[in-house]
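One structure below.
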Amino acid sequence: EIIKLIYIYLVVFDGSPFLANVTKHNNPLWSLGKLGRGENELSMPVSIIVDDCNGQEQVYILDPGNSRIKCLNIDGKFIEHLAKKIMFFISF
175 EIIKLIYIYL VVFDGSPFLA NVTKHNNPLW SLGKLGRGEN ELSMPVSIIV
225 DDCNGQEQVY ILDPGNSRIK CLNIDGKFIE HLAKKIMFFI SF
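Taken in order, the sequence shown gives residues 175 to 266; the numbers are from this note's numbering.
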């Protein structure tokens, strides 16, 4: 079940290639990292979902450029990387 709609903007915003927005007026609530492979970095974010996991909202970001799914809390704090060893295939 999708809880909130999130928009991904692949533009530089204060040094960040990723901007998550969960408001109706396009006012950013938080931004994440920069381009790269580290804990707070993204290579090619293509999809994002917010889910209610045991009463706690979590954000999942599909980042096939790093072959992983990044899991964050609703405030944008890193929790873990999922599926780090999986190769994602994307068709356009």
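Even glycine gets a Cβ: it sits at the ideal position worked out from N, Cα and C.
Source: prediction; values computed, not measured.
Nearest candidate by alpha-carbon position, reference residue i, set the options
i, options, result
"K251", "D237, V220, E231, P219", "E231"
"P219", "D225, E213, K244, N228", "K244"
"G229", "L256, E254, L209, I248", "I248"
"I235", "D226, I222, E213", "I222"
Short Cβ contact (8 Å threshold) for residue i with residue j
i, j, result
"D237", "S217", "yes"
Cβ-based neighbour list, residue i, same chain, cut-off 6 Å, excluding 5 preceding and 5 following
i, result
"N240", "R211, S217"
"E213", "F252"
Cβ neighbours of residue i in the same chain (closer than 8 Å, five flanking residues each side left out)
i, result
"I253", "Q232, C245, L246, N247"
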